[in-house]
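What follows is a short report on a single structure.
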Amino acid sequence: MKGKNYSSPKTERRVRQINRRIEYFSAQYLMNWEEDATCRTWLIRIEERLWALEDALCLWEQKRKSIAFHQMPITP
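For my numbering, count along the sequence shown from 1 and bump the result up by 19.
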């Protein structure tokens, strides 16, 4: 989900944290990528879970925007 614009700074900050974690875990496990199949499996699982979390945050942000839009007062 890189390159998206988020209306909430909190959501944007959380997405950046998730991306940093993906990079950190990738670096940690890639050191042993060729030697250990367990590391490859864990790296894949971690990345999948972090990307799923980022997707969930994006959906939450969209829902929050939608709710806020529908709660706007109607003025003549």
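The beta carbon of each residue, even a glycine, is placed where N, CA and C say it ideally should be.
Collapsed DSSP secondary structure at residue i in the structure displayed
i: S27; result: coil
Straight-line Cα distance separating residue j from residue i
i: W72; j: A56; result: It is worth fixing the name first, because residue 72 is Leu in this sequence and not Trp. If I take the Cα positions, the gap works out to 25 angstroms.
i: K84; j: Q36; result: 21 angstroms
i: R33; j: E80; result: 11 angstroms
i: A75; j: K82; result: 10 angstroms
i: E31; j: R39; result: 12 angstroms
i: I41; j: L69; result: 7 angstroms
With 16 other Cβ atoms within 10 Å as the buried cut-off, status of residue i
i: L78; result: exposed
i: K21; result: Low confidence applies here, because K21 scores a pLDDT of 49, under 50, leaving its location unreliable; read the following figure in that light. It counts as exposed.
Within-9 angstroms CB hit, residue i to chain D
i: I65; result: Here chain D cannot be found, since the structure has a single protein chain.
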